[in-house]
Every structure is written in structure tokens, then in C-alpha cells.
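Participant:
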Amino acid sequence: QVELVESGGGLVQSGGSLRLSCAASAITFNRYSMGWYRQAPGKQRELVASINTGGGTNYADSVKGRFTISRENAKRTVYLQMNSLRPEDTAVYYCNAVYSLLTYWGQGTQVTVSS
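Encoded structure:
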């Protein structure tokens, strides 16, 4: 059974940092493009950052220069380092794995940034 398990969320003050992790099981991890999405209350889920199998990355304009996505294939894990956090970054953050027509989601981890 495929599982994506996020961790590292929490409450942080504005300007602070958090590192999210997403550990995958039961997939050939190095074949999958991985991404982080977020959904704030009353808003649609949006892409935050993605990393392909070759290590190429893509970021939402709102997080460029503040967030860094990385992956460690040997540990089947993708990370999101979030610096200079702002209250508008408050959301549930979801891990996503895509390979061909296969897409998997994690259960989400809450990130709350206080002003």
C-alpha cells in the first residue's frame, strides 16, 4: 500500500523557519516527481514547489527565495525547507508523488505562522 507521510509542521512566528519531510513507501521513489502543495481555509489547493527525477525544481512565485525543495532518493524522502515564514504561508501542506498516470497524496501537515 502506497503511503506518503508528512511531518515537521507546527506553529512558528513570522520570520521563522520549518522543515517539512515526506517519507514515501511502496513506490519506486526515484521514478516519481515530487511536490508540495498547500491549502489555506477557503482557498484552492496550490502548488508550492516541485522537484523532478533529475533534481530540477519549480517554485510558486510567492515562495521563491524563501523555500527550498530537495529529495533524498536513498531515504525515499522529499523535504521542504521554509524560511522567512509569513502569516500568509499558513495552510495545510500536502506531499504529492507523480509518475505517468499515477498520483499519490499524503494526509497533510498543518503549518501555522503567527504575526
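Residue numbers (this note's numbering): 354 to 468. Using N, Cα and C, we set each Cβ at its ideal position, and we do this for glycine too.
Just verifying my parser: in three-state terms, what is the DSSP assignment at S437?
Facilitator: DSSP places S437 in coil when its eight states are reduced to three.
Participant: In angstroms, rounded to a whole number, what distance separates the CA positions of T465 and L438?
Facilitator: Approximately 9 Å between the Cα atoms of the pair.
Participant: Are at least three pairs of beta-carbons, each pair with one atom in the region 414–423 and one in the region 360–368, less than 8 Å apart?
Facilitator: They do not touch, by the three-pair rule.
Participant: Taking all protein chains shown into account, do 16 or more other C-beta atoms lie within 10 angstroms of the C-beta of S403, making it buried, or fewer, making it exposed?
Facilitator: Per the 10 Å Cβ criterion, buried.
Participant: Here's a check: name, in chain order, each residue in its chain whose Cβ is nearer than 7 Å to the Cβ of G369, leaving out the five neighbours to either side.
Facilitator: Cβ within range, chain order: L438.
Participant: Among all the DSSP beta bridges, which residues are the ones paired with A393?
Facilitator: DSSP output for A393 lists no bridge partner at all.
Participant: Can R424 and A377 be called in contact, C-beta distance under 7 Å?
Facilitator: No. Outside cutoff.
Participant: Tell me the residue span of the beta strand (DSSP E) that contains T421.
Facilitator: F420 to E425 is the span of the beta strand (DSSP E), which, as asked, contains T421.
Participant: Is it true that the CB of G388 sits closer than 7 Å to the CB of N449?
Facilitator: Yes. Within cutoff.
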